[in-house]
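Residues in the sequence shown are numbered from 1 upward in steps of one, following our numbering.
From the three backbone atoms N, C-alpha and C, an ideal C-beta is built for every residue, glycine too.
All values reported here derive from a predicted model rather than from experimental measurement.
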Amino acid sequence: MKKLESLDFSKNQLSDEIPESLSSLSFLSYLNLSYNNLTGKIPLGTQLQGFSEFSYIGNHDLCGTPLTKLCSQGAKSKDTKVGSESELLSWFYIGIESGFVTGFLGVCSAIFLNSKWRHTYFKFLYDLRDRIYVMIV
Numbered sequence: 001m002k003k004l005e006s007l008d009f010s011k012n013q014l015s016d017e018i019p020e021s022l023s024s025l026s027f028l029s030y031l032n033l034s035y036n037n038l039t040g041k042i043p044l045g046t047q048l049q050g051f052s053e054f055s056y057i058g059n060h061d062l063c064g065t066p067l068t069k070l071c072s073q074g075a076k077s078k079d080t081k082v083g084s085e086s087e088l089l090s091w092f093y094i095g096i097e098s099g100f101v102t103g104f105l106g107v108c109s110a111i112f113l114n115s116k117w118r119h120t121y122f123k124f125l126y127d128l129r130d131r132i133y134v135m136i137v
């Protein structure tokens, strides 16, 4: 893919940052990333700075050369993204744990409170133990 000459991703609802690897496409003569949701700084490289400002128009959170919007020190960075992914992952685990506890307590309380279910459950376990014993011996 290093010999790619033309790339048009305009109006594709792309989001996030422009990948660094895009700046290594040395044969690229046409690039259009306009009207997407791209953010962050345009990667440094001879190729990406050589295209006109119109190649990036419509990406309001994009900054750096060749755009007139300069990147500030407080611009979105990958650290912010990692923090939000970490937070999302922790909420995911909390959801899994609370679902497991709720389900486990629900089954245990149903078996404890309903004597018919309790007898059926333990009879099932007893029969299962017998089947496994017969298979082994």
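Can you give me the start and stop residues for the beta strand (DSSP E) that residue i sits inside?
i, result
"residue 126", "No beta strand (DSSP E) holds residue 126; the alpha helix (DSSP H) holding it covers 115-136."
"residue 15", "15-17"
"residue 40", "37-41"
"residue 30", "30-32"
"residue 6", "6-8"
"residue 62", "61-63"
Would you mind working out which of the options sits nearest residue i, comparing C-alpha positions?
i, options, result
"residue 54", "4, 33 and 110", "33"
"residue 37", "62, 126 and 135", "62"
"residue 14", "70, 5 and 39", "39"
"residue 139", "51, 115, 136 and 59", "The question about residue 139 has no answer, for the chain in this structure spans 1 to 137."
"residue 45", "57, 27, 35 and 58", "27"
"residue 4", "68, 119, 47 and 41", "47"
"residue 35", "137, 7, 6 and 57", "57"
Which value, in whole angstroms, describes the spacing of the CA atoms of residue i and residue j?
i, j, result
"residue 132", "residue 126", "10 Å"
"residue 20", "residue 104", "47 Å"
"residue 129", "residue 93", "34 Å"
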